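Here is the structure we will look at, set down as structure tokens.
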Amino acid sequence: MKVLVIGNGGREHALAWKAAQSPLVETVFVAPGNAGTALEPALQNVAIGVTDIPALLDFAQTKRSI
Numbered sequence: 002m003k004v005l006v007i008g009n010g011g012r013e014h015a016l017a018w019k020a021a022q023s024p025l026v027e028t029v030f031v032a033p034g035n036a037g038t039a040l041e042p043a044l045q046n047v048a049i050g051v052t053d054i055p056a057l058l059d060f061a062q063t064k065r066s067i
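First residue of the sequence shown: 2, per our numbering; consecutive thereafter.
Shown next as structure tokens:
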């Protein structure tokens with residue numbers, strides 16, 4: 002399963018980090034992420050703002066089909 006965490010704070014970092022530890026999760030994307038999530042090898046920051054709903058939806062739909 003792929004996970005998209007939306008936000009750039011410490012809470013989102015913790016959620017993404019914990020999700021990445023699950024054997025059911027293959028990829029964790031964080032939009033837009035932060036410096037801490039950028040350093041985590043299991044997380045991928047995505048340069049989409051938290052208020053850009055159309056872009057977030059498009060990203061999620063695109064990644065879902067891969």
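Here a beta-carbon is modelled for each residue, glycine too, at the ideal position from N, C-alpha and C. Source: prediction; values computed, not measured.
Taking the C-beta atoms as reference points, L57 is found nearer than 8 Å to I7. Short of 6 Å from the beta carbon of N35, and not among the five residues preceding or following it, lie these beta carbons of its own chain, in chain order: N9. Rounded to the nearest whole angstrom, the C-alpha separation of R65 and L5 is 10 Å.
With respect to M2, L25 sits close: the two C-beta atoms are nearer than 8 Å. Per DSSP, reduced to three states, the secondary structure at A32 is strand. Taking the Cα positions, K19 is about 13 Å away from E27.
Following the DSSP letters along the chain, one finds G11 inside the alpha helix (DSSP H) bounded by residues G11 to A21.
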